[in-house]
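Quick note on numbering: the numbering used here labels position 179 of the sequence shown as 532, and the sequence is numbered without any gaps.
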Amino acid sequence: MAVKVELARRRKKRTRFEDMPAEFAELELGNLTELGDAAAEFEGGSINVAGGIPGERALVRIYRYRRRRRDVVSGIVSRVIEPSPDRVAPKCGYCGPCSGCQWQHIAYPTQLEFKREIVEGCLNRYDSHCDVNVLPTLPAPSEYYYRNHARFTVRMGGQLGFSNRITRRFVRIEHCMLMDPVINGALTEFQDKSGETTNMSLRVGTNTGDLLAQPTFQNPDISIPSGQTHYTERMMGRDLRVASPSFFQVNTLQAENLVSLVRDGLELAESDVLVDAYAGVGVFAILLSPYVARSIAIEESASAVQDGKLNADGLNSVEFVQLKTEEALADLREICGLDETPGAVILDPPRTGCHPQAIESLLKLKPVKVAYVSCDPPSLARDLDMLVKGGYEINIVQPVDMFPQTYHVESVTILESSS
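Here it is as structure tokens:
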């Protein structure tokens, strides 16, 4: 009797960039892409070049690889031949190999203008709002040491660091100039002692110093407690509990400015009903509750809702609805017993933007004003197109620098019903 033996497929060995022949090209660098890189013409097409500035001429190392089943060609500046007047020397020795700070080589005022242009460029793709005035980007309170959250890759021997976004090469990090000093202190303690895992997360309350380290480590040489389920942050004088899986803005000081921008843009009245969609732990719903009659937070994450209810303790005007935003907005009047249309709705969706049904339900609900808080200009532009076509006018588009030294940009858009 023949026995069928099924051989396991060999996994194709990945070719490392350092094993490839180095390929270089001298290129003129053009406009910035949505990923913060400069575009350049190469082999009849356009490629993204990291580490460049529009208008520069540079010697670029070319990288060819497959990602998500397609061939990709990218570049990294090897040497600048004709530098931009906006080029500055990076302060961090890891800048480049780490790739976490895509723009540390760009003067900060120019970073702010580039972020405004990225938002404007995405909006201009849609005829419905191509003529909208995008305000100058709001600078961050601190250009460095602002991040309250770090996710480290752990390699052999418990080394902590980051992986380059193009080469995927691991870079050991001893000190990160974007991270809160408390996180850098913890990084020193965990370095070379964290081999029990492949990834670790450090979160800190900027205004409290409260540290969360995940996962739980058993190594007796680590003196810092780990495995905490939550930590506490303080915003605008109120303590907020944040569970390990819950979302929270990485720049606490600028997040406080974000709340103020939304409050002022919505021109909240004491008689208003405010709806905070994609509410997370309830930052907007809670901190803006003193300005309205009723504040309704919509959030699907059970851990975030649990945090939010604890955070809202003693605030009778705040309530949480644990549902997906598209489901809650569709039946909000019945769910919350509303007799009137909410005066204002805040949309603060994830990077992918709002679910189409959430936009449709919002247009039926027809609140007087909408504040759209976005961390992704392309999805913002797409959703604003639907809102404008549905009867809203854009009053304000305010980019906010939540992430200095990177291409990422937050923005607040205030819309008002035209009916």
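Glycine is no exception: its CB is placed at the ideal position from the N, C-alpha and C atoms.
- By the criterion of a C-beta distance shorter than 8 Å, Val402 is surrounded in its chain by Leu380, Leu382, Asp390, Ala391, Ala392, Ala393, Ala411, Val413, Ser427, Gly428, Ile429, Val430, once the five residues flanking it on both sides are discounted.
- DSSP places Arg522 in no beta strand (DSSP E); its state is neither H nor E.
- For a cut-off of 8 Å, the C-beta gap from Asn517 to Val524 is around 6 Å, short enough to register as a contact.
- A distance below 7 Å between beta-carbons, with the five flanking residues on each side excluded, links Gln751 to the following residues of its chain, in chain order: Leu488, Leu491, Leu614, Ser764, Val765.
- The alpha-carbon separation between Leu668 and Gly635 amounts to approximately 12 Å.
- For the options Val645, Ile639, Pro695, the alpha carbon positioned closest to that of Lys662 is the one of Ile639.
- With fewer than 16 neighbouring CB atoms inside 10 Å of its own CB, Leu388 falls in the exposed class.
- Within the model, the alpha-carbon separation for Tyr416 versus Pro374 is close to 10 Å.
- In terms of CA proximity to Phe543, Phe570 leads the group Val557, Leu531, Asp625, Phe570.
- Thr766 carries a strand assignment under DSSP once its states are collapsed to helix, strand and coil.
- The secondary-structure analysis by DSSP pairs Val636 with nothing; it has no beta-bridge partner.
- By the CB criterion at 9 Å, Val595 and Asp660 fall inside the cutoff.
- In the three-state scheme derived from DSSP, where H, G and I count as helix and E and B as strand, Gly428 is classed as strand.
- Counting along the chain, Met588 sits inside the beta strand (DSSP E) bounded by residues 583 to 588.
- Per DSSP, reduced to three states, the secondary structure at Arg478 is coil, with no helix or strand assignment.
- Considered as a whole, the stretch 670 to 707 harbours 671 to 674, 697 to 700 as its complete beta strand (DSSP E) runs of no fewer than 3 residues, in chain order.
- The criterion of a C-beta distance shorter than 9 Å is satisfied by Tyr644 and Ala622.
- The three-state secondary structure of Lys546, taken from DSSP, is coil.
- Where Gly618 is concerned, the enclosing alpha helix (DSSP H) starts and stops at 605 to 619.
- About 7 Å separates the Cβ atoms of Val628 and Ile699, confirming a contact at the 8 Å cut-off.
- The three-state reading of DSSP puts Glu387 in coil, since its state is none of H, G, I, E or B.
- Under the DSSP definition of a beta bridge, Glu381 partners with Arg410.
- Look at Ala665 here: in three-state DSSP terms it is coil, with no helix or strand label.
- Of Asn572, Val674, Asn604, the smallest CA-CA separation from Tyr497 is found for Asn604.
- Under DSSP, Glu527 takes part in no beta bridge, so it has no partner.
- Assignment of Glu435 by DSSP, reduced to helix, strand and coil, places it in the strand class.
- Apart from sequence neighbours up to five positions away, the residues of its chain that approach Tyr760 with a beta-carbon distance below 7 Å are Leu388, Gly389, Gln455, Trp456, ordered along the chain.
- Judged by DSSP in its simplified three-state form, Ala393 adopts strand.
- A direct Cα-Cα distance of roughly 21 Å separates Pro730 from Glu609.
- Contact between Leu531 and Ile471 is ruled out by a C-beta separation of about 19 Å, above the 8 Å threshold.
- By the criterion of a C-beta distance shorter than 6 Å, Ser481 is surrounded in its chain by Asp738, Val741, Lys742, once the five residues flanking it on both sides are discounted.
- If you draw a straight line from the Cα of Arg504 to the Cα of Asn552, it comes to about 7 Å.
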